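What follows is a short report on a single structure.
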Amino acid sequence: MLLIIEIIAGLFLLGVVAVAVFIAMQPKHKFVFDVAKRTKAELASKTDDKLCFNVDIPFTNEGGDEGLVLDAFMRIYLPQEQYDKALVRGKINLKDVPRDDDYFEALVMPKGGRKTMTAKFEVTPMHGAALSEAVNGLPDFDVALFWECRGRENLYTIKKFITISADEVKALMK
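Number 96 in our numbering belongs to position 67 of the sequence shown; there are no gaps in the numbering.
In structure tokens form, the structure reads like this:
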């Protein structure tokens, strides 16, 4: 009788190990946000008091399984202590699902999938500066792009940086 219980316990333990190995061997997604291939700044609109431009960033799922992009947002590193003649704001969304609000529509990305994110920027003059004055004095600035993702594992964040050059933005004023 004891031998039968030991055999059953051994088979159960072997089954648990087999399931754990099977789960560990499952393919996982692998998101690649290729900031090195971002586009140059492209003019979206320009008025007397606002300049809007976009930058596209391609991304792919190079893994063996689908994954989810649950959120995307950016932080612009241009504090008023560094430059106070313009306020630069931005948001990021899928290029083929443009939105005017600050909401990011989550997506399921199949393995081998390719998409493009669009980072939208607004430059607004401040402290009585005209738009041309604000843009002409604008320095290069860094932007941190954040994507919150998950697949078969816990939620994680991907953080990548791009630099928007002053020359890129000035060229949009012509």
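Glycine residues also receive a C-beta, built at the ideal position from the N, C-alpha and C atoms.
Nothing here was measured: the structure is a model prediction, and the numbers come from that model.
Rounded Cβ spacing between residue i and residue j (contact assumed at less than 8 angstroms)
i    : j    : result
G119 : V172 : 7 angstroms
F150 : C81  : 7 angstroms
E95  : H58  : 6 angstroms
Distance between residue j and residue i (C-alpha atoms, nearest Å)
i    : j    : result
D130 : E91  : 30 angstroms
C178 : L31  : 49 angstroms
E205 : V126 : There is simply no residue 205 to check, as the chain begins at 30 and stops at 203 in what is shown.
I36  : G141 : 44 angstroms
N122 : V152 : 18 angstroms
E134 : L40  : 46 angstroms
V117 : D169 : 12 angstroms
H156 : T76  : 17 angstroms
A195 : K144 : 27 angstroms
V137 : P87  : 16 angstroms
DSSP state of residue i mapped onto helix, strand, coil
i    : result
A70  : coil
E151 : strand
A38  : helix
L201 : coil
Requested in this report: Would you list, in sequence order, the uninterrupted alpha helix (DSSP H) runs of no fewer than 4 residues that lie entirely inside the region 73-135?
Outcome: None, since the region 73-135 contains no complete alpha helix (DSSP H) of that length.
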